[in-house]
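Here's the structure we're looking at; comments come further down.
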Amino acid sequence: MDQEMKKDAVEMLLSTAAKDLGISPVEFVQLAQQFAIEYKNNGEDIDIYREISPGVYRRIEL
(Lines of atoms letter the chains of each structure in order from A and count residues from 1; the text may use other names and numbers.)
(Lines give C-alpha, C1' and ligand atoms only; values in the text may rest on other atoms or scores of the structure.)
Protein backbone atom coordinates (compact mmCIF):
# COMPACT_ATOMS: atom_id res chain seq x y z
CA MET A 1 0.00 0.00 0.00
CA ASP A 2 1.51 3.33 -0.99
CA GLN A 3 1.67 6.41 1.24
CA GLU A 4 -1.33 8.11 -0.40
CA MET A 5 -3.53 5.04 0.14
CA LYS A 6 -2.44 4.88 3.78
CA LYS A 7 -3.28 8.56 4.22
CA ASP A 8 -6.73 8.01 2.70
CA ALA A 9 -7.33 5.04 5.01
CA VAL A 10 -6.39 7.04 8.10
CA GLU A 11 -8.61 9.94 7.01
CA MET A 12 -11.48 7.49 6.56
CA LEU A 13 -10.92 6.06 10.05
CA LEU A 14 -10.78 9.55 11.58
CA SER A 15 -13.96 10.56 9.77
CA THR A 16 -15.83 7.42 10.82
CA ALA A 17 -14.68 7.78 14.43
CA ALA A 18 -15.84 11.40 14.52
CA LYS A 19 -19.20 10.89 12.78
CA ASP A 20 -20.27 7.53 14.20
CA LEU A 21 -18.57 7.45 17.60
CA GLY A 22 -18.04 11.09 18.54
CA ILE A 23 -14.28 10.62 18.89
CA SER A 24 -12.29 13.70 17.91
CA PRO A 25 -9.19 13.29 15.73
CA VAL A 26 -6.95 14.28 18.66
CA GLU A 27 -8.63 11.76 20.97
CA PHE A 28 -8.36 9.11 18.23
CA VAL A 29 -4.60 9.64 17.94
CA GLN A 30 -4.19 9.62 21.73
CA LEU A 31 -6.09 6.33 21.97
CA ALA A 32 -4.01 4.84 19.15
CA GLN A 33 -0.81 5.81 20.97
CA GLN A 34 -2.13 4.35 24.23
CA PHE A 35 -3.08 1.07 22.54
CA ALA A 36 0.27 0.88 20.74
CA ILE A 37 2.06 1.18 24.08
CA GLU A 38 -0.18 -1.52 25.60
CA TYR A 39 0.46 -3.84 22.63
CA LYS A 40 4.21 -3.17 22.84
CA ASN A 41 4.16 -3.99 26.57
CA ASN A 42 2.41 -7.28 25.76
CA GLY A 43 5.27 -8.28 23.47
CA GLU A 44 3.72 -7.27 20.14
CA ASP A 45 6.21 -6.12 17.50
CA ILE A 46 5.18 -2.46 17.15
CA ASP A 47 7.33 0.55 16.31
CA ILE A 48 6.16 3.93 17.57
CA TYR A 49 7.17 7.13 15.81
CA ARG A 50 6.90 10.76 16.89
CA GLU A 51 6.82 13.69 14.49
CA ILE A 52 9.84 15.84 15.31
CA SER A 53 9.15 18.44 12.61
CA PRO A 54 6.53 18.63 9.85
CA GLY A 55 6.81 15.43 7.84
CA VAL A 56 9.87 14.13 9.74
CA TYR A 57 9.38 11.21 12.13
CA ARG A 58 11.73 9.49 14.55
CA ARG A 59 11.23 6.08 16.11
CA ILE A 60 10.93 6.33 19.87
CA GLU A 61 11.91 3.82 22.51
CA LEU A 62 9.52 2.97 25.31
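If you use the UniProt record's numbering, the sequence shown corresponds to residues 1 to 62, in order.
For glycine and all other residues, C-beta sits at the position ideal for the given N, C-alpha and C.
Bear in mind the structure is a predicted one, so any value in this text is a computation, not a measurement.
| Check | Outcome |
| --- | --- |
| Three-state secondary structure (DSSP) of E11 | helix |
| Length of the line joining the Cα atoms of V56 and Y49 | 10 Å |
| Delimiting residues of the beta strand (DSSP E) encompassing I48 | 48 to 53 |
| Integer-rounded CB distance, given that R59 should sit under 8 Å from L47 | A small fix is needed here, since residue 47 is Asp in this sequence, not Leu. About 5 Å; that satisfies the 8 Å criterion. |
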